[in-house]
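**Q** Residue numbers (the working numbering): 3 to 485.
Beta carbons are placed, not taken as given, at the ideal position from N, Cα and C, and that holds for glycine.
Handing you this structure, nothing more for now.
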């Protein structure tokens with residue numbers, strides 16, 4: 003842990019930023035005083051209802067076995083059988099922060115007291131997060147209708163049937179009705195979704211800074227970012243982006259004049275394009291904040307009405323569609339970054355040598371960065387394809403729809419990594435152009451950004467391999483985002 007701050011877990015009010023802090027070890031989770039009491043009420047109600055009527059997954063099988071009544075003589079082992087049969091995940095193990103995020107999300111959902119699991123499972127998750135005990139969770143096995151394989155692996159690890167990937171806890175008993183109640187959630191997908199959202203929004207913050215550096219290198223016209231212009235068409239994301247650019251480009255009210263009557267689209271239309279991505283990311287956060295605090299288990303054990311409700315809250319169409327939209331918006335942003343890189347190597351726009359080269363005639367300078375950027379842009383374009391155009395029909399035809407939200411999140415991780423490369427190439431170009439032009443920068447955080455880039459990125463003008471500098475620029479983007 004890097005600090006001792008605590009996030010209270012009550013089943014309500016958990017935010018994406020809280021999940022990031024716990025998952026990436028800057029805070030730890032603590033159950034609210036009444037969370038265990040409410041979970042106990044839910045558990046007792048679930049036991050009572052299961053003694054009176056059929057309750058899916060408790061007194062019956064699951065999926066197409068929903069009408070198969072569990073033999074009373076074997077009911078004690080029903081939960082463990084269900085977990086064992088569903089722990090069939092494969093693929094690479096999830097990263098440590100993704101597993102911690104999944105555990106935290108599941109803990110908060112259980113604290114919403116709609117699952118009917120025994121309270122000791124909440125305590126076990128809380129303890130595991132506090133002491134750093136981590137299950138081994140595989141990445142493949144979900145289609146957006148519940149992270150059954152991932153959460154079955156977590157539950158069996160808590161029960162002592164699977165080995166811990168890190169640390170350990172004493173085994174926890176699994177009550178007969180706990181199995182489906184525990185795994186009926188998309189917590190693993192949501193945990194990864196929060197981390198993907200965080201990484202992408204941080205990169206979008208950096209893109210504004212990098213664009214402002216390119217703007218200064220190219221002598222852009224700031225009237226396109228005027229408050230009056232954006233009041234006339236006030237899309238929130240574009241208004242926000244234009245305001246950020248004004249803050250970076252001037253320390254006074256007057257915006258600097260440009261070299262041209264109108265700039266290329268990469269500069270002139272940046273607020274409009276970046277603005278759509280900012281709005282899409284804000285919508286993702288809104289969707290995730292709802293699902294992080296949802297008692298979405300099927301069945302829903304409602305302690306207010308003392309009923310069990312069977313439903314379709316396992317569907318994550320909102321998550322999948324929100325991420326599909328965000329990736330599409332990101333692709334447009336990345337296209338502009340690649341276009342600005344091309345502007346930087348064009349003498350008619352930069353006033354500098356072709357490809358920002360110095361040295362003997364025919365030197366290539368940063369020519370190769372365009373190839374690298376467009377390779378990454380091609381990867382992003384494929385990752386931006388909507389996953390929500392597909393579906394699945396499984397479990398003997400009973401389960402005839404899937405959102406593939408898990409795949410939407412995976413694609414977003416891939417798209418973010420690709421955009422990081424595109425933007426790093428632009429940062430290298432902008433930094434090199436500003437060095438060559440020795441252009442003055444405004445007394446704003448942008449000057450600090452250039453000083454930071456200049457201190458990290460080597461100043462080697464002769465033709466040389468750029469691979470290391472691309473990696474350095476990618477790492478630097480996180481620091482620029484803070485400006």
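(1) Which residues in the same chain as residue 4 place their Cβ atom closer than 7 Å to its Cβ, once the five residues preceding and following it in sequence are excluded?
(2) Exposed or buried, residue 276, counting other C-beta atoms within 10 Å across all chains shown (16 or more means buried)?
(3) Are the Cβ atoms of residue 138 and residue 167 separated by less than 8 Å?
(4) Give me the residue from 38, 172, 410 with the minimum Cα distance to residue 327.
(5) On the criterion of 16 or more Cβ atoms from any shown chain inside 10 Å, does residue 478 qualify as buried, or is it exposed?
(6) Keeping to the same chain, check which residues put their C-beta closer than 6 Å to that of residue 475; ignore five residues upstream and five downstream.
(7) Distance check for residue 317 and residue 194, CA to CA, integer angstroms please.
(8) What does residue 30 pair with, by DSSP beta-bridge criteria?
(9) Between the region 172–189 and the region 207–225, are three or more C-beta pairs nearer than 8 Å?
(10) Does the structure place the region 328–339 close enough to the region 261–281 that three or more beta carbon pairs sit under 8 Å?
(11) Are there 16 or more other CB atoms within 10 angstroms of the CB of residue 368, so buried, or fewer, so exposed?
(12) Indicate whether residue 339 and residue 424 have their beta-carbon atoms separated by less than 8 Å.
(13) If you count every other CB in all the chains shown that lies within 10 Å of the CB of residue 362, and 16 or more means buried, which is it?
(14) Please classify residue 290 as buried or exposed, where buried requires at least 16 neighbouring CB atoms within 10 angstroms.
(15) The beta strand (DSSP E) spanning residue 311 covers which residue range?
(16) With a Cβ-Cβ cutoff of 8 Å, do residue 119 and residue 45 count as a contact?
(17) Could you check what DSSP says for residue 191 in three-state terms: helix, strand or coil?
(18) Among 217, 298, 174, 399, which one has its Cα closest to the Cα of residue 270?
(19) Report the partner residues of residue 401 according to the DSSP bridge assignment.
(20) Is residue 1 helix, strand or coil when you go by DSSP?
(21) Please name the residue, chosen from 144, 173, 95, 150, that lies closest to residue 127 on a Cα-to-Cα basis.
(22) Which residues in the same chain have their Cβ closer than 6 Å to the Cβ of residue 395, if we skip the five residues on either side of it in sequence?
(23) Starting from residue 303, trace the beta strand (DSSP E) in both directions and tell me its first and last residue.
(24) Within the continuous alpha helix (DSSP H) that includes residue 266, where are the two ends?
(25) When DSSP labels each residue in this structure, what does residue 136 get in the three-state scheme?
(26) To the nearest angstrom, report how far apart residue 421 and residue 374 are at their CA atoms.
(27) Among residues of its own chain, excluding the 5 on either side of residue 376, which ones have a beta-carbon nearer than 8 Å to its beta-carbon?
(28) Rounded to whole angstroms, what is the Cα-Cα separation between residue 488 and residue 416?
(29) Which residues in the same chain have their Cβ closer than 7 Å to the Cβ of residue 384, if we skip the five residues on either side of it in sequence?
(30) Does residue 510 come out as helix, strand or coil in the three-state DSSP assignment?
(31) Please classify residue 238 as buried or exposed, where buried requires at least 16 other C-beta atoms within 10 Å of its C-beta.
(32) Quick check: the Cα distance between residue 262 and residue 230, rounded to an integer number of angstroms?
(33) Going by beta carbon distance, what residues of the same chain come within less than 6 Å of residue 244, once the five residues before and after it are set aside?
**A** With the structure as the only source:
(1) For the purposes of this step, residue 4 is taken as residue 2 along the chain shown, with counting starting at 1. Caution is warranted here: a pLDDT of 48 is assigned to residue 4, below 50, making its placement in the model unreliable, and no coordinate value can be reported.
(2) Reading the chain shown from its first residue, position 274 is the one you call residue 276. Buried, by the Cβ-count rule.
(3) Against the chain shown, residue 138 aligns to sequence position 136. Against the chain shown, residue 167 aligns to sequence position 165. Result yes, Cβ atoms of residue 138 and residue 167 sit closer than 8 Å.
(4) As a first step, residue 327 is located in the chain shown; it is residue number 325 there, counting from the start. Per the Cα distances, 410.
(5) Walking along the chain shown from the start, residue 478 turns up at place 476. Classification of residue 478: buried, given that the 10 Å Cβ count is 16 or more.
(6) As a position in the chain shown, residue 475 is number 473, starting the count at 1. Answer for residue 475: 426, 429, 430, listed in chain order.
(7) If you number the chain shown from 1, residue 194 lands on position 192. If you number the chain shown from 1, residue 317 lands on position 315. If you take the alpha carbons of residue 194 and residue 317, they lie about 17 Å apart.
(8) Numbered from its first residue, the chain shown carries residue 30 at position 28. DSSP, once it has assigned bridges, lists 8 as partnering residue 30.
(9) no
(10) yes
(11) Residue 368 sits at position 366 when you count from the first residue of the chain shown. Residue 368 should be labelled buried.
(12) Taking the first residue of the chain shown as 1, we reach residue 339 at position 337. Taking the first residue of the chain shown as 1, we reach residue 424 at position 422. Contact flag set, yes.
(13) For the purposes of this step, residue 362 is taken as residue 360 along the chain shown, with counting starting at 1. Residue 362 comes out exposed.
(14) Numbered from its first residue, the chain shown carries residue 290 at position 288. Flag for residue 290 reads buried.
(15) Here residue 311 refers to the residue found at position 309 when the chain shown is read from its first residue. Where residue 311 is concerned, the enclosing beta strand (DSSP E) stretches over 309–311.
(16) Sequence index remark: in the chain shown, residue 119 carries index 117 (1-based). Sequence index remark: in the chain shown, residue 45 carries index 43 (1-based). Yes. Within cutoff.
(17) Within the chain shown, numbered from 1, the residue matching residue 191 stands at position 189. It is helical.
(18) Residue 270 sits at position 268 when you count from the first residue of the chain shown. Of the candidates 217, 298, 174, 399, the one whose C-alpha sits nearest the C-alpha of residue 270 is 217.
(19) The count along the chain shown starts at 1 and reaches residue 401 at position 399. For residue 401, which the question treats as bridged, DSSP gives the partners 396.
(20) Residue 1 is absent from the structure shown; the chain starts at 3 and stops at 485.
(21) Along the chain shown, one-based indexing puts residue 127 at 125. Measuring from the Cα of residue 127, the nearest candidate turns out to be 173.
(22) Numbered from 1 along the chain shown, position 393 holds the residue referred to as residue 395. 402.
(23) Working through the chain shown from its first residue, we reach residue 303 at position 301. Looking at the DSSP string, the run of the beta strand (DSSP E) that includes residue 303 is 302–304.
(24) As a position in the chain shown, residue 266 is number 264, starting the count at 1. It is not in any alpha helix (DSSP H) - residue 266 carries neither H nor E in the DSSP assignment.
(25) If you number the chain shown from 1, residue 136 lands on position 134. Reduced to three states, the DSSP call for residue 136 is strand.
(26) In the chain shown, the residue the question calls residue 421 occupies position 419. In the chain shown, the residue the question calls residue 374 occupies position 372. Taking the straight line from one Cα to the other gives about 11 Å.
(27) To locate residue 376, count along the chain shown from 1; it is residue 374. Hits under 8 Å: 340.
(28) Absent from the structure is residue 488, since the part of the chain shown begins at 3 and ends at 485.
(29) As a first step, residue 384 is located in the chain shown; it is residue number 382 there, counting from the start. Here the set comprises nothing.
(30) A question about residue 510 goes unanswered here, because the residues of the chain that appear run from 3 up to 485.
(31) If you number the chain shown from 1, residue 238 lands on position 236. It counts as exposed.
(32) Within the chain shown, numbered from 1, the residue matching residue 262 stands at position 260. Within the chain shown, numbered from 1, the residue matching residue 230 stands at position 228. Computed Cα separation, rounded: 20 Å.
(33) Translated into positions along the chain shown, residue 244 becomes position 242. Here the set comprises 227, 232, 273.
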